[in-house]
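Participant: Below is the structure I would like to discuss, written out as structure tokens.
Residue numbers (the UniProt record's numbering): 1 to 446.
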């Protein structure tokens with residue numbers, strides 16, 4: 001629609017694209033879609049690697065698209081959309097929906113090989129034997145996601161869709177494994193064909209079985225060593241959990257930076273515009289920045305605050321965003337008289353309170369003076385810890401020059417009751433002889 005809007009505007013005006021969030025959203029969805037397709041391909045490849053039969057591979061592989069299509073139908077009924085959360089659930093479900101079908105296929109094929117049953121009889125017998133097992137496996141998997149379904153708060157609202165998608169996919173795969181998989185086995189499997197295929201691959205299959213047999217025998221004979229490996233792995237997992245970086249959400253690099261500037265509280269608008277222009281020049285000269293848009297006096301209706309929106313170049317033309325922010329902070333330190341706070345724009349940002357920083361600490365109290373005092377103490381303490389914090393800011397606006405005027409209401413009422421005599425060209429006001437020097441006095445100057 002932008003070209004049509006441009007045609008309706010005067011020749012001296014132009015429209016330029018400032019912020020296109022759809023680009024990062026499409027890239028994120030495309031990445032998850034690629035991961036989903038890659039996961040499906042890897043699952044089918046692993047099945048074929050172990051079964052080594054095209055016919056036997058098709059049977060459990062068919063459960064993947066059918067289960068995903070059924071999940072998409074449920075998503076439509078629930079009002080869900082194709083987004084990062086639902087696609088992540090589908091990606092995880094791919095590895096789960098084939099388990100039941102593989103278990104069913106293995107039991108049916110075992111009856112065909114060991115008992116000499118026909119494909120139809122083996123399918124009926126295998127479905128009766130393994131049906132309860134498949135139901136118990138599926139219910140146990142669903143039980144894992146029940147806490148996520150019942151989780152409250154912000155995280156619960158976000159991942160509720162994820163848990164629903166995975167749960168529906170597991171239940172759909174259970175239904176497919178109990179119905180479609182036995183039917184396909186009864187129509188596609190053949191004992192003669194499977195034995196010929198197994199005989200043709202003989203040597204490789206025997207080598208694989210021999211390797212597994214050797215490893216299993218070694219573990220059984222050295223059970224104490226295996227137990228030590230288990231304990232060491234558990235201890236290493238605990239250590240990794242404690243030392244790994246933690247956060248609410250991982251920081252994304254979508255190529256956009258939100259910048260807030262703050263000058264002294266008694267600054268004039270012209271001086272603020274001049275300082276804001278100097279900050280904008282730093283971003284404009286940066287080789288990593290595509291364009292900058294800025295405004296002064298726009299933060300919470302305060303003249304000493306400004307906003308900048310910075311669009312970075314493509315990732316292939318610049319380093320990581322942390323390196324970009326570090327270089328910009330070093331250059332902005334040379335601009336005197338104004339503080340600059342930067343944070344990368346995120347696709348998912350929670351919290352209704354606007355802030356110049358990514359993390360917020362709110363100080364509340366019934367005593368305004370005490371709350372202001374402790375807020376300043378916390379700000380100073382956090383700003384002094386350069387190793388842990390950067391861009392520490394305080395939105396308390398109480399340091400400008402102030403003058404408080406208190407009206408003496410008693411004096412005002414006495415003055416109002418005094419008669420006033422008017423003349424054509426002059427006005428005289430008489431006051432009681434015991435009046436105080438002034439009815440208005442300043443009480444505080446800062």
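For glycine and all other residues, C-beta sits at the position ideal for the given N, C-alpha and C. Owing to the predicted nature of the structure, the values given are computational and were not obtained by experimental measurement.
If you draw a straight line from the alpha carbon of residue 69 to that of residue 46, how long is it in whole angstroms?
Facilitator: 22 Å
Participant: Return the residue from the list 357, 169, 372 that minimises the CA-CA distance to residue 63.
Facilitator: 169
Participant: Drop a sphere of 10 angstroms on the beta-carbon of residue 147, count the other beta-carbons inside from all chains shown, and report buried for 16 or more, exposed for fewer.
Facilitator: exposed
Participant: Tell me which residue opens and which closes the beta strand (DSSP E) that residue 406 is part of.
Facilitator: In the DSSP assignment, residue 406 falls within the unbroken beta strand (DSSP E) covering 403 to 407.
Participant: Counting Cβ pairs closer than 8 Å, one from the segment 311 to 328 and one from the segment 280 to 292, do we hit at least three?
Facilitator: Contact holds: three or more Cβ-Cβ distances are below 8 Å.
Participant: Please classify residue 126 as buried or exposed, where buried requires at least 16 other C-beta atoms within 10 Å of its C-beta.
Facilitator: buried
Participant: Using alpha carbons as the reference points, say which of 183, 142, 176 lies closest to residue 163.
Facilitator: 142
Participant: What span of residues does the beta strand (DSSP E) with residue 111 cover, start to end?
Facilitator: That residue, residue 111, is in no beta strand (DSSP E); its alpha helix (DSSP H) goes 84 to 114.
Participant: Of all the beta strand (DSSP E) runs that stay within the bounds of the segment 58 to 84, which reach a length of 3 or more residues?
Facilitator: none
Participant: Measuring straight from C-alpha to C-alpha, what distance separates residue 257 and residue 307?
Facilitator: 11 Å
Participant: Quick check: what's the CA-CA separation for residue 280 versus residue 342?
Facilitator: Approximately 13 Å, taken between the alpha carbons.
Participant: How about residue 378 and residue 363: are their beta carbons less than 8 Å apart?
Facilitator: yes
Participant: Report yes if the CB atom of residue 36 is closer than 8 Å to the CB atom of residue 96, and no otherwise.
Facilitator: no
Participant: Three or more beta-carbon pairs under 8 Å between the segment 99 to 119 and the segment 177 to 193, yes or no?
Facilitator: yes
Participant: What are the start and end residues of each continuous beta strand (DSSP E) run of 3 or more residues lying completely inside the segment 272 to 357, in chain order?
Facilitator: Fully contained in the segment 272 to 357 are the following beta strand (DSSP E) runs of length 3 or more, in chain order: 289 to 296, 305 to 312, 338 to 344.
Participant: For residue 214, count neighbouring Cβ atoms within 10 angstroms of its own Cβ and tell me buried if that reaches 16, exposed if not.
Facilitator: With fewer than 16 Cβ atoms within 10 Å of its Cβ, residue 214 is classed as exposed.
Participant: Excluding the 5 residues flanking residue 2 on each side, which residues of the same chain have their C-beta closer than 8 Å to its C-beta?
Facilitator: 15, 17
Participant: Alpha carbons only, please: which of 112, 387, 322 is nearest the one belonging to residue 189?
Facilitator: 112
Participant: Pull up the distance between the alpha-carbon of residue 137 and that of residue 100, whole angstroms please.
Facilitator: Roughly 8 Å between the two C-alpha positions.
Participant: Pull up the CB-CB distance for residue 276 and residue 261, whole angstroms please, since I reckon it's below 8 Å.
Facilitator: 6 Å
Participant: Pull up the CB-CB distance for residue 176 and residue 259, whole angstroms please, since I reckon it's below 8 Å.
Facilitator: Not a contact, Cβ separation roughly 52 Å.
Participant: Give me the residue from 233, 24, 8, 19 with the minimum Cα distance to residue 347.
Facilitator: 24
Participant: Hey, quick one: how far does the beta strand (DSSP E) through residue 256 stretch, first residue to last?
Facilitator: 256 to 263
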